[in-house]
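For the protein sequence lines, the chains are A and B, in the order given. With the working numbering applied, the first sequence corresponds to residues 6 to 273, in that order. With the working numbering applied, the second sequence corresponds to residues 6 to 273, in that order. Using N, Cα and C, we set each Cβ at its ideal position, and we do this for glycine too. Only one structure is covered here, and it is reproduced in the block below.
Number of protein chains: 2
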Amino acid sequence: MERDFDRAIALVRQDDGSLLGHTSPAYANMVGPFGGMIAAQVLNAVLRQPDRLGEPIAVTVNFCAALAEGPYTAVARALRTNRSTQHWFAELRQEGQTMITATAVTAVRRATWAADEQRMPDAPAPEQCPAPQGRGFVAWLQRYEMRLIDGALPVAWDDAELPHSISRLWVRDAPPRPLDHAALMALCDVFFPRVWLRRATRVPVGTVSMTVYFHADAERLAATGDDYLFAQARGQGFRGGYFDQTAQLWNRRGELLATTHQVVYYKS
Amino acid sequence: MERDFDRAIALVRQDDGSLLGHTSPAYANMVGPFGGMIAAQVLNAVLRQPDRLGEPIAVTVNFCAALAEGPYTAVARALRTNRSTQHWFAELRQEGQTMITATAVTAVRRATWAADEQRMPDAPAPEQCPAPQGRGFVAWLQRYEMRLIDGALPVAWDDAELPHSISRLWVRDAPPRPLDHAALMALCDVFFPRVWLRRATRVPVGTVSMTVYFHADAERLAATGDDYLFAQARGQGFRGGYFDQTAQLWNRRGELLATTHQVVYYKS
Numbered sequence: 006m007e008r009d010f011d012r013a014i015a016l017v018r019q020d021d022g023s024l025l026g027h028t029s030p031a032y033a034n035m036v037g038p039f040g041g042m043i044a045a046q047v048l049n050a051v052l053r054q055p056d057r058l059g060e061p062i063a064v065t066v067n068f069c070a071a072l073a074e075g076p077y078t079a080v081a082r083a084l085r086t087n088r089s090t091q092h093w094f095a096e097l098r099q100e101g102q103t104m105i106t107a108t109a110v111t112a113v114r115r116a117t118w119a120a121d122e123q124r125m126p127d128a129p130a131p132e133q134c135p136a137p138q139g140r141g142f143v144a145w146l147q148r149y150e151m152r153l154i155d156g157a158l159p160v161a162w163d164d165a166e167l168p169h170s171i172s173r174l175w176v177r178d179a180p181p182r183p184l185d186h187a188a189l190m191a192l193c194d195v196f197f198p199r200v201w202l203r204r205a206t207r208v209p210v211g212t213v214s215m216t217v218y219f220h221a222d223a224e225r226l227a228a229t230g231d232d233y234l235f236a237q238a239r240g241q242g243f244r245g246g247y248f249d250q251t252a253q254l255w256n257r258r259g260e261l262l263a264t265t266h267q268v269v270y271y272k273s
Numbered sequence: 006m007e008r009d010f011d012r013a014i015a016l017v018r019q020d021d022g023s024l025l026g027h028t029s030p031a032y033a034n035m036v037g038p039f040g041g042m043i044a045a046q047v048l049n050a051v052l053r054q055p056d057r058l059g060e061p062i063a064v065t066v067n068f069c070a071a072l073a074e075g076p077y078t079a080v081a082r083a084l085r086t087n088r089s090t091q092h093w094f095a096e097l098r099q100e101g102q103t104m105i106t107a108t109a110v111t112a113v114r115r116a117t118w119a120a121d122e123q124r125m126p127d128a129p130a131p132e133q134c135p136a137p138q139g140r141g142f143v144a145w146l147q148r149y150e151m152r153l154i155d156g157a158l159p160v161a162w163d164d165a166e167l168p169h170s171i172s173r174l175w176v177r178d179a180p181p182r183p184l185d186h187a188a189l190m191a192l193c194d195v196f197f198p199r200v201w202l203r204r205a206t207r208v209p210v211g212t213v214s215m216t217v218y219f220h221a222d223a224e225r226l227a228a229t230g231d232d233y234l235f236a237q238a239r240g241q242g243f244r245g246g247y248f249d250q251t252a253q254l255w256n257r258r259g260e261l262l263a264t265t266h267q268v269v270y271y272k273s
């Protein structure tokens, strides 16, 4: 069975070497697609390159303009290839305009001393956390099963300022799908805007730039399978129309799979 | 008096629109220049563009190859210009090869609700912390006055694994220099490699990609002046030859000026 996720990131090679993709209504957000899906699509443009070396280590995606529902052209170029690392620049374009840019570092990983210094917080197992209720007010929310532990959206939008913006949840694709780097990239963007939580006010927002550092290779992701991930996010600074968020994702065994950061525009 | 820092980031416009710079022996590291200086140089290539809109919000620098001591060519292109935001791609090249790539988001900031959720930890004033001793074993360390609070380099390189890699220090340019975005960009890279602290072993390392989110506009940086910044860093995950670091920089008043992350190659 081909899943929504795989359909959504699919790319078809064109005669000029570029790749043709199409936004997916299954991952629609309020305006345009879910940013995590866009990030997965542009990463996939790198992963699909035949001369790609190794696995993704660091990916930064810049949301230059609101991607319109419809086709897009993806291009990815290796700007530098070293012995075990490679540096990529990628773009998604619509009607000749740059909509999304990205840089990616891919590398051949080697076994080394290892440690997960950021430890997964203690939490009840996902099966003990409340299953999601309702269908979510935008399409992409239906593509994820989120079992919230704490830091939910305010029950009342009453401008009651909260002292922090930490959210913790178990999350996986819905329906469940074996984890890979593209799916993990998208999962790094499942957190609702931290400013909504802090302010208990739903102000207009939009992610401007997002970075993911992968701590897991394909083997570790495959071993994680389609199980829940523990995801945690918090805001750091909010000022002058932009705030940032830092987040971590672990598998159930407490293995740190990715750390991620983003800066988000907000209004008022 | 022109300072080392200003000389080091200086760029001369060429007939073809590119900028010509030169690495600075004053900021030399063990192999090639201090990465923070390289990051400041590539940011400066964006800041020097006459059509630049607003101030830097997010900058990602990718260290593709070891910059050699000598001249470099900097190019910066606006890939997308919106009403109040602009998306840049920049490169430093030597002998026609891509050595450094960067993306930058610049934007016109607006007054909004604001909060510094990441609070500056309690610490003694910089004047109460020990002044640096000795001259540092590489040139760039002499360009910064670092007053360490905790998380110093191990006294003995004895492989005694430490449980965490948090370092906290007061830091400013030496000699003192009024703060601006380029100087703050460089300051975001002053932390020694977290893996050295965790392992008490000096293994080979190199930053691969670094992102800075600026939370302060030019006015706030000017108000900070040449005073000390409080800087804090910690590692999150170490595995497969790469670790990441998350860090924050505040001014003495506890105003969050920048948050920054990087992923670093390490050996064995």
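Under the DSSP assignment, glycine 37 of chain B falls outside any alpha helix (DSSP H); it carries neither an H nor an E label. Here glutamine 19 of chain B is exposed: its Cβ has fewer than 16 other Cβ atoms, across all protein chains shown, within 10 Å.
Per the Cβ contact rule, the segment 239-251 of chain A is not in contact with the segment 15-30 of chain B (fewer than 3 Cβ pairs under 8 angstroms).
Secondary structure at methionine 104 of chain A: strand, using DSSP grouped into helix, strand and coil. Sequence-ordered contacts of the segment 68-84 of chain B with chain A read Cys69, Ala70 and Leu84 [C-beta pairs closer than 7 angstroms]. Where arginine 177 of chain B is concerned, the enclosing beta strand (DSSP E) starts and stops at 172-178.
Along the segment 214-230 of chain A, the positions whose C-beta sits under 8 angstroms from a C-beta of chain B are Ser214, Thr216, Tyr218, His220, Ala221 and Asp222, read in chain order.
Assignment of beta strand (DSSP E) within the segment 209-262 of chain A, counting only whole runs of 3 or more residues, yields 210-219, 234-244 and 247-256 in chain order.
Listed in chain order, the positions of the segment 138-172 of chain A with a beta carbon within less than 7 angstroms of a beta carbon of chain B are His169 and Ser170.
Among the bridge pairs identified by DSSP, arginine 98 of chain B is matched with B/Thr78 and B/Thr103. Between leucine 262 of chain A and leucine 189 of chain A a beta carbon distance of about 6 angstroms is seen, short of the 8 angstroms cut, so the two are scored as contacting. Taking 8 angstroms as the CB threshold, glutamine 99 of chain B stays off the interface with chain A. Of all residues in the segment 191-204 of chain A, those with a C-beta nearer than 7 angstroms to a C-beta of chain B are Arg203 and Arg204, reading in chain order. Below 8 angstroms, too few C-beta pairs join the segment 119-132 of chain B and the segment 87-101 of chain B to call them touching: fewer than three.
If you look at valine 200 of chain B, you'll find it in the alpha helix (DSSP H) that goes 199-204. Around the C-beta of valine 195 of chain A, 16 or more other C-beta atoms lie within 10 Å, and the residue is accordingly described as buried. Taking CB atoms only, aspartate 127 of chain B has no neighbour in chain A less than 8 angstroms away. For alanine 187 of chain B, the CB contacts under 7 angstroms within the same chain, skipping 5 residues up- and downstream, are Ile14, Ala45, Leu48, Asn49 and Leu52 in chain order. Cβ-Cβ distances below 7 angstroms link threonine 206 of chain A to Trp162 and Asp164 in the same chain, with the five nearest sequence neighbours on each side left out; the list follows chain order. Residues are counted here when their Cβ sits less than 8 angstroms from a Cβ of chain A; for the segment 39-58 of chain B the count is zero.
Using beta-carbon distances, phenylalanine 243 of chain B counts as an interface residue toward chain A, with a partner under 8 angstroms.
Taking a cut-off of 8 angstroms on C-beta distances, the segment 141-159 of chain A does not touch the segment 222-230 of chain A, as fewer than three cross pairs fall below it. Taking C-beta atoms under 8 angstroms as the contact rule, serine 214 of chain B and alanine 221 of chain A fail to qualify, at a distance of about 17 angstroms.
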